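Novice: In terms of the numbering used here, the numbers along the sequence shown are unbroken and rise by one, the last being 394.
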Amino acid sequence: KNVIFFIEEGVRIFCKKDNWTTHTDDGKLDNAHLGMLSILASFAESEVQNTRERIKSSINYRLKRGDSYATKPPFGYIIKDHKLVINDEKKNGESLSEADIVRRIFSDSANGKSTHKIGIELRAETGNRNKWSNNSVLRMLKNPCYCGYAYFGRTRQHNERKEIEEKGGIANEEDLTPLVRVETPAIVSKELWEKSRDAIFERRSRSKSENQYPRALLRSLLFCPICGHRYTYSKKMYQCISLTTDKYDYC
Numbered sequence: 144k145n146v147i148f149f150i151e152e153g154v155r156i157f158c159k160k161d162n163w164t165t166h167t168d169d170g171k172l173d174n175a176h177l178g179m180l181s182i183l184a185s186f187a188e189s190e191v192q193n194t195r196e197r198i199k200s201s202i203n204y205r206l207k208r209g210d211s212y213a214t215k216p217p218f219g220y221i222i223k224d225h226k227l228v229i230n231d232e233k234k235n236g237e238s239l240s241e242a243d244i245v246r247r248i249f250s251d252s253a254n255g256k257s258t259h260k261i262g263i264e265l266r267a268e269t270g271n272r273n274k275w276s277n278n279s280v281l282r283m284l285k286n287p288c289y290c291g292y293a294y295f296g297r298t299r300q301h302n303e304r305k306e307i308e309e310k311g312g313i314a315n316e317e318d319l320t321p322l323v324r325v326e327t328p329a330i331v332s333k334e335l336w337e338k339s340r341d342a343i344f345e346r347r348s349r350s351k352s353e354n355q356y357p358r359a360l361l362r363s364l365l366f367c368p369i370c371g372h373r374y375t376y377s378k379k380m381y382q383c384i385s386l387t388t389d390k391y392d393y394c
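Given below as structure tokens:
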């Protein structure tokens, strides 16, 4: 498609390897070479599709054989003999292994501790100030891999959905490559994982309700009787906008 676009814009394409061009010397289209270009493009597109299918087939075969679905294991796991294994090894005299830390994070979350507080405690204990951010703790708590299963192909689905939407289409589930469910060794029980998930949802809902500000029912309806500027709602009270900005002189 890109080649046709350039040709329609008057761009001459030259193939150095086979020594031919899409135009004749007088600037006209060479239909023979143009047809050859279409055939080569079709072969190239077919080869790309076949390569993709071979890669997918190889990945699915390895997953069914029990190999790890991830090249880089999640925290708490290691890859041994191509398989995902729980990392219970304590290094350098540490009191907790990676798997122990994962169990502790889920337990703290299920008991009501926020991801912010969990991260602060872990950064203080491990001395790693860059690793345990709120987002990294939350991603761990949302990952079902820790309770015994994972889905392979999320990145591929994301790219396929993005490609369809860029073309103006709507990405339906049947148009996307189906996800492959993979069994993983569980570090925490499914009950603990679900309890943590419910606690996160409850904390988030409570936080949103607590942070809601009362609606200013008279917003944009009140005007200052002295200067005529609009009243604004701030600090639970209505006041002239000239008091809250340097744009206007005080009335």
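We put the beta carbon where it would ideally sit given N, CA and C, even for glycine.
For clarity, every value in this text was computed on a predicted model and none was experimentally measured.
Quick one: what's got a C-beta closer than 7 angstroms to ILE330's C-beta in the same chain, skipping five residues either side?
Specialist: As a working mapping, residue 330 is identified with position 187 in the sequence shown. Cβ neighbours of ILE330 beyond the five flanking positions: GLY219, ILE229, ALA242, VAL245, ARG246, TYR289.
Novice: Between ARG304 and the rest of its own chain, which residues show a CB-CB distance below 7 angstroms, the 5 nearest in sequence each way excluded?
Specialist: As a working note, residue 304 is residue 161 in the sequence shown. Closer than 7 angstroms at the Cβ level, and outside the excluded window around ARG304, lie ALA314, LEU319.
Novice: Heavy atom of the ligand HEM less than 6 angstroms from the Cβ of ILE307, yes or no?
Specialist: This structure does not include the ligand HEM; it has no bound ligands of any sort.
Novice: Return the residue from the list LYS285, ARG266, ARG349, GLY270 that minimises the CA-CA distance to SER276.
Specialist: Along the sequence shown, read from residue 1 onward, the residue named residue 276 stands at position 133. When each option's Cα is compared against that of SER276, the closest is ARG266.
Novice: Expressed to the nearest angstrom, what Euclidean distance is found between the alpha-carbon atoms of LEU183 and GLY270?
Specialist: Position 40 of the sequence shown, counting from 1, holds the residue named residue 183. Position 127 of the sequence shown, counting from 1, holds the residue named residue 270. Near 58 angstroms, if we compare the C-alpha coordinates of GLY270 and LEU183.
Novice: Which residues mark the beginning and the end of the alpha helix (DSSP H) in which THR258 is found?
Specialist: As a first step, residue 258 must be located in the sequence shown, where it is residue number 115. Start and end: 258–269.
Novice: State the beta-bridge partners of ILE229 as determined by DSSP.
Specialist: Here residue 229 refers to the residue found at position 86 of the sequence shown. Paired residues: TYR220.
Novice: Check the DSSP bridge columns for THR164 and list the partner residues they point to.
Specialist: For the purposes of this step, residue 164 is taken as the residue at position 21 of the sequence shown. Looking at the DSSP assignment, THR164 forms a beta bridge with PHE157.
Novice: Please determine, among GLY178, PHE249, CYS158, the residue with the shortest C-alpha to C-alpha distance to SER339.
Specialist: The residue you call residue 339 lines up with position 196 of the sequence shown. Closest option to SER339, Cα to Cα, is PHE249.
Novice: Using the DSSP secondary-structure output, state which residues sit across from GLN395 in a beta bridge.
Specialist: This structure does not reach residue 395, given that the chain is present from 144 up to 394, and the question cannot be answered.
Novice: Output needed for ASP231: all residues of its chain with C-beta closer than 7 angstroms, excluding positions within five of it in sequence on either side, in chain order.
Specialist: The residue you call residue 231 lines up with position 88 of the sequence shown. Once the five neighbours on either side are set aside, the close Cβ partners of ASP231 are SER240, ALA242.
Novice: In angstroms, rounded to a whole number, what distance separates the CA positions of ILE222 and PHE344?
Specialist: Here residue 222 is taken as the residue at index 79 of the sequence shown, counted from 1. Here residue 344 is taken as the residue at index 201 of the sequence shown, counted from 1. If I take the Cα positions, the gap works out to 32 angstroms.
Novice: Among TYR376, LEU284, CYS383, which has the Cα closest to the Cα of PHE366?
Specialist: In the sequence shown, counting from the first residue as 1, residue 366 sits at position 223. Closest by alpha carbon: CYS383.
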